[in-house]
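Here's the structure, in structure tokens; my notes come after.
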Amino acid sequence: MSPVSSSRSARPGPASSGPKTPGRRPWLTPGSKQTAFAWAILLPALLILAIFRFLPMLEAFYLSFTDYDLISPPRWVGLQNFIDLTQDPLFLKSVQVSLIYVSCSVIPVIPLSLGLAILFNRALLARNFLRSAIFMPVVMPAVVMAVVWTFMYQQDGVMNTILGWVGIDPVPWLRSSSTALWSVIMIGIWRAVPYYMVIFLAGLQAIPRDYYDAAKIDGAGSWATFRYITLPLLKPTMLLVVVMNVIVAMKVFAVPMIMTGGGPGDATRVLPLFIYQTAFEFFDMGKASAMSVVMFAILMAFAFIQVRLFTRKEEQ
Amino acid sequence: MITRRTMFGALAGTTLLTVPGLLRAFEFPSEPMTIQIWWHEFGPLTAYMNELIAAYQGLHPNIRIESVVVSSGDLNQKLTVALATGTGPHIIDNDASFFGLYYSKGLLDPLNLDVFGTADYQGIQDLYTPGGLDAATFDGKVYALPFQANSMSLFINNKEFAAAGLDPVADAPKTWEDMIALGPKLKITEGSRTVQKAFDFPYHSPRWELQLFQPLVEQFGGRLLAEDGVTVAANSEAAVKALTLWRDVTRVTGDPRTTMNVSSAPNQDFLDGRTAMWTTGPWATPQIHASAIGEDFTVVSYPQLDPQNPRTILYGFMWAVNSSKPDAEKAVAWDFIRFMLSKPEEWIAKVGFLQPLKGVAETEVAKNFPFFAVHMKDIETGSWYVRSEFTNEISQAIGRAIERTVYDDVDPQASLDQAQSEIERAIR
């Protein structure tokens, strides 16, 4: 398949009525030259992608069918790793923790980031400064953020100090299995909202002004304008945000790794963290690869369902 | 259990790590050679290692020692991946409990007898206290040498004891009952906020949790891991009693919800004065000296159920040589290890690491090391930390069990039953 869709039209077809040139046809027609040039441009990127993305993925697929401890050669075990996973309570628990993390961090992010985008799409005092300030968590490295939040969550940290002002007892944010996951989710939300706000902002600014002017003339109020103009036209952006957010949330690793190590107990042991531990602490690369394949399947299923849902609504 | 009465024996003056009666001369290579060594991050260790490297390179200008300092938390992962991919260093530094795995995979070079000038491994074992090389010996051969052997003793903040009207020596807890009795005197709360803990077990790392849990199980007459290295009894009657005691002590003395301890700073609560008593190893001494506590602390033995029949933990780090390197380089790597270990007094003075060598206790520097006799007594009564191909799985399962009981009030028996089933699944 050619990466340049227009190349077909430039190729001389058999029905061409032009004068026929005697002798051999040129080795490269103008169209195929264009195609070759496009491939040449793409080749380095494709090679890098193949070597550093697709080959490791294929290797992981292969390893998921083996018993491999990194040191001894892999031994083929067929579907055994996958069968074991279905009976492994630690794996099932980590899938559960990941799904809670994804649903509880993705759902609030949508209204919060959209709300902020709508706010910052309006003329506001110091709008650019505020936009930059709110975007700060996105540029902060995850490790730095995790360390800072660990201090903020301490008994005498900022969070408990604020609670103390309103007479609430200190909360053991990261040191209780009933609060630790929620504390980690809160950081996920805090970090994701400004990023998706920018995406929504771009989506809002792409909506033609005329629609709003026409709605105003027709007497539509703010809610009606939002419901019947903004929201439908933001659907592609919304799809992008949901899919990206689910993928990012499902892959969360650094924050729970640094802040809780998956604990207390296994309260914050999300699937990527368990995969890491299985691979590099227990050296069970086969099982870790099988978990990665399962995680890949979950993400693909999520993405597929979301795309289907949005396209169906679009068609309706 | 390992007893090391001979530690205090009459071996003073022995030239440590030098075997009398050299059999075969080790011919030191004259060609240029680079030897790589990795070690785990610990400030005083790095400073002394750099001194040793400079000294060795001064003695052997044709040898270049290339060093990499790795974070303690990442060492095992990085080392194992490097060894598996053929990019590991010549000299392996890791916790003693991992060497069983390395040995089983053929990654370790047996100790070079020529370099140490001995005819057999017994010659090396004779230099160490009984049991001191247990974690390094496989099928009768020595594959590693420990550069630190620790136990966990009880460190007491003198000022906080005095503030409670207690004497850090006379009132120090000898038993867990004593510890529970001290709880209300030393634990200070303001409303629901714990300002000072009397004592706390560690919760920052499963390895530390197991380091404290294993001797508790043994105090109740149990054993977590059988000799075969795979039969685990995590939910035995002794283990359940140990976890019940852990929980009860914690309720009265500690508050696991309030801690600043992390893997890279495991003693932080004690250093900051947040806990009046804390269990750690002799290696923490330089850190405590550098903290606000200074020299105002006391060390006593790890509390016991029965002080007449003490059980403690023994753990440490060892060096071994990577079997995949060329023979000439392996020999130099062993020679560098011999050189590094040749001054155990300096290791005590500069790093706070004790080597389980005979005669160490008699050296002047050992006599001047704070509470040396207490540390050695706890080492004497210690059993090596579980040594298995599945050490990580065991420590994590037990760590989770402890946290389930302490944080979520899960019944100790149920919690350990779950741990047992997790370990069995991992081992299978």
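Going line by line, the protein sequences match chains C and E.
Under this note's numbering, read the first sequence as residues 10 to 325, first letter to last.
Under this note's numbering, read the second sequence as residues 3 to 430, first letter to last.
All C-beta atoms in this analysis are idealised placements derived from N, C-alpha and C, irrespective of residue type, glycine included.
Does residue i pass the burial test, meaning 16 or more other C-beta atoms within 10 Å, or should it be called exposed?
{"i": "tryptophan 158 of chain C", "result": "buried"}
{"i": "valine 70 of chain E", "result": "exposed"}
{"i": "threonine 17 of chain E", "result": "Residue placement at threonine 17 of chain E is poorly supported in this model, since its pLDDT is 43, which falls under 50; the coordinates still yield a value, given next. Exposed."}
{"i": "methionine 10 of chain C", "result": "Residue placement at methionine 10 of chain C is poorly supported in this model, since its pLDDT is 37, which falls under 50; the coordinates still yield a value, given next. Exposed is the call here."}
{"i": "proline 346 of chain E", "result": "buried"}
{"i": "tryptophan 248 of chain E", "result": "buried"}
{"i": "methionine 154 of chain C", "result": "buried"}
{"i": "leucine 25 of chain E", "result": "In this predicted model, leucine 25 of chain E has a pLDDT of only 47, less than 50, meaning its place in the structure is not dependable; the value taken from the coordinates is given anyway. Classification of leucine 25 of chain E: exposed, given that the 10 Å Cβ count is below 16."}
{"i": "aspartate 219 of chain C", "result": "exposed"}
{"i": "phenylalanine 392 of chain E", "result": "buried"}
{"i": "isoleucine 171 of chain C", "result": "exposed"}
{"i": "methionine 145 of chain C", "result": "exposed"}
{"i": "phenylalanine 46 of chain C", "result": "exposed"}
{"i": "aspartate 222 of chain C", "result": "exposed"}
{"i": "glutamate 405 of chain E", "result": "buried"}
{"i": "alanine 164 of chain E", "result": "exposed"}
By alpha-carbon positions, which one of the options ends up nearest to residue i?
{"i": "isoleucine 39 of chain E", "options": "E/Asn96, E/Ala351, E/Ala330 and E/Tyr104", "result": "E/Asn96"}
{"i": "lysine 243 of chain E", "options": "E/Thr255, E/Arg225 and E/Val254", "result": "E/Arg225"}
{"i": "tryptophan 191 of chain C", "options": "C/Val261, C/Leu51 and C/Cys113", "result": "C/Cys113"}
{"i": "isoleucine 208 of chain C", "options": "C/Ala263, C/Met266, C/Ser122 and C/Phe289", "result": "C/Ser122"}
{"i": "glutamate 53 of chain E", "options": "E/Val353, E/Val362 and E/Ser423", "result": "E/Val353"}
{"i": "asparagine 159 of chain E", "options": "E/Ser153, E/Val171, E/Pro148 and E/Ala151", "result": "E/Val171"}
{"i": "serine 293 of chain E", "options": "E/Ala267, E/His92 and E/Gln150", "result": "E/Ala267"}
{"i": "glutamate 29 of chain E", "options": "E/His62, E/Lys161 and E/Ile94", "result": "E/His62"}
{"i": "alanine 258 of chain C", "options": "C/Trp182, C/Phe129, C/Ala132 and C/Gly197", "result": "C/Gly197"}
{"i": "glutamine 310 of chain E", "options": "E/Asp337, E/Asp380, E/Lys199 and E/Phe44", "result": "E/Asp380"}
{"i": "leucine 101 of chain C", "options": "C/Ile284, C/Thr75 and C/Ala189", "result": "C/Ile284"}
{"i": "proline 98 of chain C", "options": "E/Ser423, E/Pro208 and E/Arg430", "result": "E/Ser423"}
{"i": "methionine 195 of chain C", "options": "C/Leu210, C/Tyr110 and C/Ile256", "result": "C/Tyr110"}
Whose Cβ in chain E lies nearer than 8 Å to the Cβ of residue i?
{"i": "aspartate 97 of chain C", "result": "Arg427"}
{"i": "glutamine 163 of chain C", "result": "Thr260 and Met262"}
Spell out whether any CB of chain E is found under 8 Å from the CB atom of residue i.
{"i": "serine 107 of chain C", "result": "no"}
{"i": "proline 120 of chain C", "result": "no"}
{"i": "glutamate 290 of chain C", "result": "yes"}
{"i": "aspartate 219 of chain C", "result": "no"}
{"i": "proline 281 of chain C", "result": "no"}
{"i": "proline 181 of chain C", "result": "yes"}
{"i": "glutamine 315 of chain C", "result": "no"}
{"i": "aspartate 76 of chain C", "result": "no"}
{"i": "glutamine 43 of chain C", "result": "no"}
{"i": "phenylalanine 262 of chain C", "result": "no"}
At 9 Å on the CB atoms, spell out the chain E contacts of residue i, in chain order.
{"i": "proline 82 of chain C", "result": "The premise fails here: proline 82 of chain C is roughly 11 Å from chain E at the closest Cβ pair, so nothing lies under 9 Å."}
{"i": "leucine 190 of chain C", "result": "Near leucine 190 of chain C there are no residues of chain E at all, since even the closest Cβ is about 13 Å away, more than 9 Å."}
So residue i contacts chain C; which residues on that side make the cut at Cβ distance below 9 Å?
{"i": "aspartate 410 of chain E", "result": "Ser185, Ser186, Ser187, Pro273, Gly274 and Ala276"}
Closest Cβ-Cβ distance between residue i and chain C: below 8 Å?
{"i": "leucine 81 of chain E", "result": "no"}
{"i": "glycine 33 of chain E", "result": "According to the sequence displayed, residue 33 of chain E carries glutamate and not glycine. False, the Cβ-Cβ gap to chain C never drops below 8 Å."}
{"i": "arginine 249 of chain E", "result": "no"}
{"i": "arginine 209 of chain E", "result": "no"}
{"i": "asparagine 394 of chain E", "result": "yes"}
{"i": "arginine 259 of chain E", "result": "yes"}
{"i": "alanine 416 of chain E", "result": "no"}
{"i": "arginine 406 of chain E", "result": "yes"}
Residue i versus chain E: which residues are under 7 Å apart at the beta carbon?
{"i": "leucine 79 of chain C", "result": "Thr82, Val83 and Ala86"}
For a contact defined as C-beta to C-beta under 7 Å, what are the partners of residue i on chain C?
{"i": "lysine 107 of chain E", "result": "Ile80 and Ser81"}
Along chain C, in chain order, which residues have C-beta atoms closer than 8 Å to that of residue i?
{"i": "arginine 402 of chain E", "result": "Gly272, Gly274 and Asp275"}
{"i": "glutamate 424 of chain E", "result": "Pro98 and Leu99"}
{"i": "serine 194 of chain E", "result": "Asp178 and Pro179"}
What do you reckon, is the C-beta of residue i under 7 Å from a heavy atom of the ligand ADP?
{"i": "proline 241 of chain C", "result": "This structure simply doesn't include the ligand ADP, nor any ligand for that matter."}
Please specify which runs of the alpha helix (DSSP H), each continuous and at least 4 residues long, are wholly inside the region 157-184 of chain E, giving them in chain order. 160-165
Any chance you could list the alpha helix (DSSP H) runs of at least 4 consecutive residues sitting entirely within the region 98-155 of chain C, in chain order? 98-129 and 136-148
Which runs of the beta strand (DSSP E) fall wholly inside the region 280-347 of chain E and span at least 3 residues, in chain order? 299-302 and 314-324
In the region 231-267 of chain E, which residue ranges form an unbroken alpha helix (DSSP H) of at least 4 residues, counting only runs that do not cross its ends? As summarised for the region 231-267 of chain E, the continuous alpha helix (DSSP H) elements at least 4 residues long and confined to that stretch are 239-255, given in chain order.
Those runs of the beta strand (DSSP E) which lie wholly inside the region 238-320 of chain C and span at least 3 residues: none
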